[in-house]
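Heads up: the structure comes next, in structure tokens.
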Amino acid sequence: MEIFLETERLRLRRFTGADLENLVELDSDPAVMLHITGGQIPSRAESAETLATFLDYYRRYPAYGFWAAEEKSTSKFLGWFHFRPAEGDAPDEVELGYRLKRNCWGNGYGVEGSRALIRKGFVELGVRRVHAETLVVHAASRRVMEKSGLRYVRILHQAWPYQIPGDEFGDVEYALTRDEWADQGDIADISAL
């Protein structure tokens, strides 16, 4: 198991082929999938394709990708985070994302993992800007972005392959630059920048 990052309560590690059941379980909850697919559950074959995509990402971008989130004290799978350049973005501009099991919601795991990834990106990976998107109506995800230090940038409208409640209001983008992050004083060693 290759560990990417640890926080007080979380361990973020690379996915392996053995994680298929974890993905299937996570994505089989309509509440988890509500703001992604409108609550539609992907098939097992679709989950296997998703896992293959996650694994391939490490080959192409070793420092970036999709990371299985586990509770450190129990090694229990909680969900995942992604931290990677989005298609068309520069290598030093990365997108942050997360998907956690419903029983993890409201426990601060999203903020804890996001802050740690943002810090790692700015201090160790040479990231210039981190951004994230969610539906305008997805208040919980927006709170995670805000508590992680990201700032509101804009509302945008993009096509969704699924009908999602509230998608007519668009998506919202939040972002944070390395300089803004440093100004927040959220670093242990300013010389690392």
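Numbering follows this note's numbering, with no gaps: position 153 of the sequence shown is 153.
Think of the CB as a built atom: it goes at the ideal place given N, C-alpha and C, for glycine as much as any other residue.
Predicted model only: the values in this text are computed from it and were never measured.
When burial is assigned at 16 or more other CB atoms within 10 Å of the CB, is residue i buried or exposed?
i: T134; result: buried
i: H138; result: buried
i: D27; result: buried
i: D19; result: buried
i: G65; result: buried
i: R11; result: buried
i: F169; result: exposed
i: I118; result: buried
Excluding the 5 residues flanking residue i on each side, which residues of the same chain have their C-beta closer than 7 angstroms to its C-beta?
i: G110; result: Y98, L100, V144
i: K120; result: L5
i: T7; result: E112, G113, A116
i: L23; result: S47, T50, L51
For the alpha helix (DSSP H) holding residue i, just list the boundary residues, first then last.
i: Y32; result: Here residue 32 is Val; the residue named in the question, Tyr, does not match the sequence. Here the alpha helix (DSSP H) through V32 covers 30-37.
i: D27; result: 20-27
i: L55; result: 44-60
i: F122; result: 109-123
i: A182; result: 178-183
Just to confirm, is the Cβ distance from residue i to residue j under 8 angstroms?
i: A69; j: L78; result: yes
i: L156; j: D167; result: no
i: R13; j: W80; result: no
i: A140; j: Y174; result: no
i: R9; j: K76; result: no
i: R84; j: Y57; result: yes
i: G38; j: Q158; result: no
i: R102; j: A31; result: yes
Cβ of residue i within 7 angstroms of any heavy atom in the ligand NAD?
i: V137; result: Among the ligands in the structure shown, none appear at all, so the ligand NAD cannot be discussed.
Taking the continuous beta strand (DSSP E) assigned at residue i, which residues delimit it?
i: G97; result: 93-100
i: V153; result: 151-156
Please list, in chain order, all residues of the same chain as residue i whose beta carbon is under 6 angstroms from its beta carbon, the five residues on each side excluded.
i: R115; result: S148
i: E146; result: none
i: C104; result: L78
Using C-beta distances below 8 angstroms, list every residue in its chain close to residue i, excluding the 5 sequence neighbours before and after it, in chain order.
i: A52; result: none
i: D89; result: E95
### Task
May I ask you to verify whether the segment 166-179 touches the segment 117-128, counting CB pairs closer than 8 angstroms and requiring at least 3?
Yes, they touch.
### Message
Assess contact between the segment 88-97 and the segment 39-51, defined as three or more Cβ pairs (one per stretch) separated by less than 8 angstroms. Is contact present?
### Response
With the cut-off at 8 angstroms, the segment 88-97 and the segment 39-51 do not touch.
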